[in-house]
Amino acid sequence: MSDLKVNIGNLTLKNPVLTASGTFGYGEEFSSFFDINDLGGIITKTITLKPRVGNPFPRIAETPSGMLNSIGLANVGVDAFISEKMPFLKTLNTAVIVNVAGNTVEEYVELISKLEDSDAEFDGYEINVSCPNVKEGGVLFGSNYNITAEITRKIRKATQRCVIIKLTPNVTSIGDVAAAVEQAGADSVSLINTLIGMAIDVDTRRPKIACITGGLSGPAIKPVALAKVFEVSKRVNIPIIGIGGIMNYQDALEFMMAGATAIEVGTANFIDPAISSTIVANLHNYCISHNIRHVREIVSSIIA
Amino acid sequence: MSPITASLNSELIHNSEILEVRELTPRIFRMRFHNSFLARNSLPGQFINIKVNSEYNPLWRRPFSIHQINSGENWADILFKVIGKGTDELSRMNPGESLDFIGPLGNSFTIKPDSMKVAYMVAGGLGIAPMLILGHALLKLEIHPMLFYGVRTESEFCCLDDFESAGIKVHLATEDGSRGYKGFVTALIESTLRDMPSTTGIELFSCGPNPMLLPLGTIADRYNVPCQVSLETLMGCGVGACLGCGVKANQNELKYLYVCTQGPVFNSNEINLSE
Numbered sequence: 007m008s009d010l011k012v013n014i015g016n017l018t019l020k021n022p023v024l025t026a027s028g029t030f031g032y033g034e035e036f037s038s039f040f041d042i043n044d045l046g047g048i049i050t051k052t053i054t055l056k057p058r059v060g061n062p063f064p065r066i067a068e069t070p071s072g073m074l075n076s077i078g079l080a081n082v083g084v085d086a087f088i089s090e091k092m093p094f095l096k097t098l099n100t101a102v103i104v105n106v107a108g109n110t111v112e113e114y115v116e117l118i119s120k121l122e123d124s125d126a127e128f129d130g131y132e133i134n135v136s137c138p139n140v141k142e143g144g145v146l147f148g149s150n151y152n153i154t155a156e157i158t159r160k161i162r163k164a165t166q167r168c169v170i171i172k173l174t175p176n177v178t179s180i181g182d183v184a185a186a187v188e189q190a191g192a193d194s195v196s197l198i199n200t201l202i203g204m205a206i207d208v209d210t211r212r213p214k215i216a217c218i219t220g221g222l223s224g225p226a227i228k229p230v231a232l233a234k235v236f237e238v239s240k241r242v243n244i245p246i247i248g249i250g251g252i253m254n255y256q257d258a259l260e261f262m263m264a265g266a267t268a269i270e271v272g273t274a275n276f277i278d279p280a281i282s283s284t285i286v287a288n289l290h291n292y293c294i295s296h297n298i299r300h301v302r303e304i305v306s307s308i309i310a
Numbered sequence: 003m004s005p006i007t008a009s010l011n012s013e014l015i016h017n018s019e020i021l022e023v024r025e026l027t028p029r030i031f032r033m034r035f036h037n038s039f040l041a042r043n044s045l046p047g048q049f050i051n052i053k054v055n056s057e058y059n060p061l062w063r064r065p066f067s068i069h070q071i072n073s074g075e076n077w078a079d080i081l082f083k084v085i086g087k088g089t090d091e092l093s094r095m096n097p098g099e100s101l102d103f104i105g106p107l108g109n110s111f112t113i114k115p116d117s118m119k120v121a122y123m124v125a126g127g128l129g130i131a132p133m134l135i136l137g138h139a140l141l142k143l144e145i146h147p148m149l150f151y152g153v154r155t156e157s158e159f160c161c162l163d164d165f166e167s168a169g170i171k172v173h174l175a176t177e178d179g180s181r182g183y184k185g186f187v188t189a190l191i192e193s194t195l196r197d198m199p200s201t202t203g204i205e206l207f208s209c210g211p212n213p214m215l216l217p218l219g220t221i222a223d224r225y226n227v228p229c230q231v232s233l234e235t236l237m238g239c240g241v242g243a244c245l246g247c248g249v250k251a252n253q254n255e256l257k258y259l260y261v262c263t264q265g266p267v268f269n270s271n272e273i274n275l276s277e
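Protein chains in written order, with my numbering: chain A, 7 to 310; chain Z, 3 to 277.
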């Protein structure tokens, strides 16, 4: 047996495989495909203070080895999340991380307070300051490291739970943002959120998604994501969670070797709903066949 | 130590042997594959989501209505038209090769044998795909369906024999008048309803492009007949996660319904196709 456990802040994950926000619903959607308890943890769809219907359609477009999306944080809102989605999440024997977003700094705090004051059982927060598809907040916050640091500081004061800040690559220096967030008290940074992209139908001359631009994800962005993880690993001491086009265990290993302690599987869930579980199994097999006793030995093990 | 494998507990994830790939009319193919689970459990209107290759191009799966099942011989059929890279690759697959798919997915047409006396199936173009499995299900409940089937021109009709041999009466419409009624199938169904002394007990079951389903819903309202429509749309995941396949709900407040899990079949009154 190899030990797959990794630590993110005060949280011990049974393995480094998480599911990325917005690609795994509220967990229940995937329970008919595999045992979700096999995972290190799940990260919920982004929750906002009020329910959001999301952006107009078309919201998604396929691109070479990737996809664009502009869902616009469609979600049930925090009240319905607590009353309707939490009962299922409570039954899980894996880490549950709630992804949250707000239009203003105050909204983030209010949302966290609401969750803290509820009887909801979960393990941590991933703070979405990087969504490219909303008019307020989102990437506008994430690309300004003063605001990102302010949000982090306020959330840090509001909770004892693990706080992960999800970073956007749509900035001049992701390393600067990560360093600011670490100083402000974050337990971890996760990266990258989607890259802003677009596609046009040349017959109709219309953009392929209604909001014109969207977030690019999938295998197409993996090399970019990997470079960002490597860059951030040189700047912070808190654990990094790697995200961006992870389709199989080899991709997961690359992120870990570049400096990630854990990883999130995103777009791949759309293509193979059980892939995250397969990645856990294959990571384990890799450790066994390479005589690795603790998966954490792989972190930052790149020879460069 | 032996390798561990992921604990997949799903009856929905399949690799099935392809039995036949046949071009029925130009660019429209029928693929038959061996799968006893699908053959026994698929409901009319449900779909499967196929990964046409193991590469990242195309990246997404492609959704297809289940066309026909045979629980005695353990096979299922899909019907598809070659439009892009995904369907092109699918059309080039050969018997003996393995088909990677998830399903059956989605809801199904609702059949209420007590209140329904007559079922009119209305298909436009490739909307014919789910009508055969539906027709067979209706016949099993001793409801005799009629098919109203419209295409642009005669050469686009397919699987007429399958309906006729099942004893389903077929009414055809072509936009260019090359066969059957000249005009849209919606006009054909309207003239049929207009001529009925009473529409009580009639229900419409439909599949086709949105510009056909929209007027059909209006006609159904005019003649006060229930109308279920199966929608075709772009899908990212097919399992309710990506939220990419929405349709507007027919209510004052803006709300979307998701085709992959809340559909693909809706009552025509539930949705607003008018944009």
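Just so you know, even glycine gets a beta-carbon here, dropped at the ideal spot from N, CA and C.
Q. Span of the beta strand (DSSP E) holding Z/THR27?
A. Z/THR27 -> beta strand (DSSP E) spans 15–27.
Q | 9 Å Cβ cutoff met for Z/LEU206 and Z/SER270 | A | Z/SER270 is positioned such that its CB atom lies closer than 9 Å to that of Z/LEU206.
Q: Consult DSSP for A/GLN166 and reduce its assignment to one of helix, strand or coil.
A: Of the three classes helix, strand and coil, the one that applies to A/GLN166 here is coil, per DSSP.
(Q) For A/VAL135 and A/SER179, I'd like the C-alpha separation in whole angstroms. (A) Answer to the nearest angstrom: the Cα atoms are 15 Å apart.
Q: Measure the C-alpha to C-alpha separation of Z/SER4 and A/GLY248 and round it to an integer number of angstroms.
A: At Z/SER4 the pLDDT is 48, less than 50, meaning the model places this residue with poor confidence and gives no usable figure here.
Q. Apart from the five residues just before and just after Z/SER67, which ones in its own chain have a Cβ nearer than 6 Å to its Cβ?
A. The residues are PHE49, ALA131, PRO132.
Q: Give the residues of chain A in contact with Z/CYS209, contact being defined as C-beta atoms less than 9 Å apart.
A: Chain-order list of chain A residues neighbouring Z/CYS209: empty, with the shortest C-beta distance near 20 Å, by a criterion of under 9 Å.
Q. If you drop the 5 nearest sequence neighbours on each side, which residues of the same chain put their C-beta closer than 8 Å to that of Z/PRO211?
A. Closer than 8 Å at Cβ, skipping near neighbours: GLY126, GLY127, GLY129, GLU234.
Q: May I ask which residues mark the beginning and end of the alpha helix (DSSP H) holding A/CYS137?
A: A/CYS137 -> no alpha helix (DSSP H), and no H or E assigned at all.
Q) Using a beta-carbon distance below 9 Å, is Z/ASN274 in contact with chain A? A) Interface with chain A (9 Å Cβ-Cβ cutoff): Z/ASN274 is excluded.
(Q) Taking the beta strand (DSSP E) that Z/GLU192 belongs to, which residues open and close that run? (A) Not the beta strand (DSSP E): Z/GLU192 falls in the alpha helix (DSSP H), residues 187–196.
Q | Supposed contact pair A/VAL82 and A/VAL301 - C-beta distance, whole angstroms, cut 8 Å | A | Between A/VAL301 and A/VAL82 the beta-carbon gap is near 34 Å, outside 8 Å, which marks them as no contact.
Q. Going by beta carbon distance, what residues of the same chain come within less than 8 Å of Z/GLU22, once the five residues before and after it are set aside?
A. ARG32, MET33, ARG34, PRO97.
Q.
Helix, strand or coil for Z/ASP102? Go by DSSP, reduced to three states.
A. Z/ASP102: strand per DSSP, three-state reduction.
(Q) Tell me the rounded alpha-carbon separation between A/ILE118 and A/ALA164. (A) Within the model, the alpha-carbon separation for A/ILE118 versus A/ALA164 is close to 7 Å.
Q. Pairing CB atoms from the region 199–214 of chain A with CB atoms from the region 286–305 of chain A, are three or more of them under 8 Å?
A. No: fewer than three Cβ pairs fall under 8 Å.
Q.
For A/ASN21, report the span of its alpha helix (DSSP H) as first-last.
A. No residue range can be given for A/ASN21, since it is assigned to no alpha helix (DSSP H) and is classified by DSSP as neither H nor E.
Q | Of the residues Z/ASN109, Z/PHE165, Z/SER44, the one placed nearest Z/VAL231, counting alpha carbons only | A | Relative to Z/VAL231, the option among Z/ASN109, Z/PHE165, Z/SER44 whose CA is nearest is Z/ASN109.
Q) A/ILE77 versus chain Z: which residues are under 8 Å apart at the beta carbon? A) Within 8 Å Cβ-Cβ: CYS244, LEU245, GLY246.
Q: Output, in chain order, the set of chain Z residues within a Cβ distance shorter than 8 Å of A/PRO64.
A: Chain Z residues near A/PRO64: LEU236, GLY246.
**Q.** Host alpha helix (DSSP H) of Z/ARG181 (start-end)
**A.** Careful: Z/ARG181 lies outside any alpha helix (DSSP H) and carries neither H nor E.
Q | Cβ shell of A/VAL98 (< 8 Å), same chain only, five flanking positions each side left out | A | Note that residue 98 of chain A is Leu in the sequence shown here, rather than Val. So the qualifying residues of the chain are GLY33, ILE42, ASN43, ILE48.
**Q.** Short-range partners of chain A found in the region 61–91 of chain Z, where Cβ spacing is below 8 Å
**A.** Those would be LEU61, TRP62, ARG63, in chain order.
Q. Helix, strand or coil: which one does DSSP assign to Z/TYR151?
A. Z/TYR151 falls in the strand class under three-state DSSP.
Q.
Please classify A/LEU173 as buried or exposed, where buried requires at least 16 neighbouring CB atoms within 10 angstroms.
A. A/LEU173 is buried by the Cβ-count criterion.
Q: Name the one or two DSSP bridge partners that Z/TYR258 has.
A: Note: Z/TYR258 sits in a beta bridge opposite Z/LYS250.
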